[in-house]
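Colleague:
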Amino acid sequence: MNAAPPPHELHGSGPRRVIALHGWFGDRTSYRPLMRWIDPESFTYALMDQRGYGESRGAVGACTVEEIAGDAIALADSLGWAEFAVIGHSMGGKVAQRLVADAPGRVTALVGISAVPASGAGMDDEVFAFFARARDDADVRRAIIARTTGERLPGAWLDAAVRYSLECSTREAFGRYLPSWSRGDFHQKIRDDETPALFVVGEHDPELGADTMRKTVLQWFRNASLVSFANAGHYAMDETPLDLVATIDRFLRTAA
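For the sequence shown, position 29 (counting from the first letter as 1) is numbered 35 according to this note's numbering, and the numbering increases by one without interruption.
1. Going by the CB atoms, is the gap between Gly118 and Ala102 shorter than 8 Å?
2. How far does the beta strand (DSSP E) with Met129 in it extend, from its first residue to its last?
3. Go through its chain and collect everything with a Cβ distance to Arg182's Cβ below 7 Å, but skip five positions before and after it.
4. Would you kindly work out how many angstroms separate the C-alpha atoms of Arg63 and Asp77, rounded to a whole number?
5. Between the stretch 145 to 164 and the stretch 49 to 65, do three or more beta carbon pairs fall short of 8 Å?
6. So, helix, strand or coil for Ser186, using DSSP?
7. Using alpha carbons as the reference points, say which of Asp217, Ala152, Phe235 and Gly29 lies closest to Tyr59.
8. May I ask you to list the residues that DSSP assigns as paired with Ile119?
9. Can you look up Arg22 in the DSSP assignment and give me helix, strand or coil?
10. Residues in the same chain with beta-carbon distance under 7 Å from His210, minus the five sequence neighbours each way, listed in chain order, please.
11. Consult DSSP for Leu16 and reduce its assignment to one of helix, strand or coil.
12. Are the beta-carbon atoms of Phe49 and Gly20 separated by less than 8 Å?
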């Protein structure tokens with residue numbers, strides 16, 4: 007267990023407790039567009055920076071999905087949360103699934119937003135090599151973000167997303183996380199799990215959309231459901247924040 011919890015911020019003070027885990031291109035501030043609209047009397051959200059990101063840019067570690075899950079458990083312990091729901095975006099969605107495996111009985115519900123399945127992203131060697139170039143190449147980052155949002159969003163937003171990704175994480179950590187989230191496979195550890203799970207996708211996400219979820223996570227979680235947003239790609243927190251908050255709110259009130 008870590009001597010100190012990872013950097014985080016709390017929103018709300020309600021009895022329903024939620025840990026939120028960010029994706030490869032973000033840090034904990036990825037969730038701030040949602041925090042304006044949560045019900046603070048019903049929920050307490052803990053937004054966590056993963057090692058190499060945000061206020062944890064100086065932290066040294068293995069940069070794996072398993073390590074992030076361990077840090078999230080340490081955060082829950084430090085907050086005195088015996089049970090909690092977990093929300094994860096993209097890479098963080100895979101971490102959320104790992105938490106179900108590593109903290110049995112503690113995760114009351116799971117929300118995956120454009121989540122990478124526990125089996126990995128299904129990249130071939132050529133695609134993996136392209137993603138690996140994103141460590142040092144801003145143009146590659148922009149191309150990835152543009153593709154995963156359907157090549158339909160303003161250039162200014164894409165440019166801002168790239169700048170944000172470069173500023174919020176170290177290149178070393180960014181590059182080291184890639185093999186773990188894209189190729190690591192632990193789906194047998196969550197097969198037939200009964201944790202209530204909601205997977206949210208955007209119809210403009212060509213890789214982590216509804217078809218991918220139906221072939222993977224919806225096969226593994228017994229109590230899983232799927233919601234697809236018509237006006238979103240990979241970044242529903244930015245593209246459809248109000249719909250996302252309302253969807254998560256309804257789910258967690260009944261599941262957690």
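Ideal placement from N, C-alpha and C gives every residue a C-beta, glycine not left out.
Modeller: If we stick to the structure as given:
1. Position 96 of the sequence shown, counting from 1, holds the residue named residue 102. Position 112 of the sequence shown, counting from 1, holds the residue named residue 118. Yes, Cβ-Cβ distance for Ala102 and Gly118 is below 8 Å.
2. Here residue 129 refers to the residue found at position 123 when the sequence shown is read from its first residue. Per DSSP, Met129 lies in no beta strand (DSSP E) segment and is marked neither H nor E.
3. In the sequence shown, counting from the first residue as 1, residue 182 sits at position 176. Closer than 7 Å at the Cβ level, and outside the excluded window around Arg182, lie Cys69.
4. Against the sequence shown, residue 63 aligns to sequence position 57. Against the sequence shown, residue 77 aligns to sequence position 71. Going from the Cα of Arg63 to the Cα of Asp77 covers about 14 Å.
5. With a cut-off of 8 Å, the stretch 49 to 65 and the stretch 145 to 164 do not count as touching, because too few Cβ pairs lie within range.
6. On the sequence shown, residue 186 is found 180 positions in, with the first residue counted as 1. In the three-state reduction of the DSSP assignment, Ser186 falls in the helix class, which pools H, G and I.
7. The residue given as residue 59 occupies position 53 in the sequence shown. That would be Gly29, whose Cα lies nearest to the Cα of Tyr59.
8. Numbered from 1 along the sequence shown, position 113 holds the residue referred to as residue 119. Paired residue(s): His95 and Val206.
9. For the purposes of this step, residue 22 is taken as residue 16 along the sequence shown, with counting starting at 1. Strand.
10. Along the sequence shown, one-based indexing puts residue 210 at 204. Cβ neighbours of His210 within its own chain (closer than 7 Å, five residues either side excluded): Thr155, Gly156, Arg158, Ala238 and Gly239.
11. On the sequence shown, position 10 is the one that residue 16 refers to. Collapsing the DSSP output to three states places Leu16 in a strand.
12. Within the sequence shown, numbered from 1, the residue matching residue 49 stands at position 43. Within the sequence shown, numbered from 1, the residue matching residue 20 stands at position 14. Gly20 sits close to Phe49, with the two beta carbons spaced by under 8 Å.
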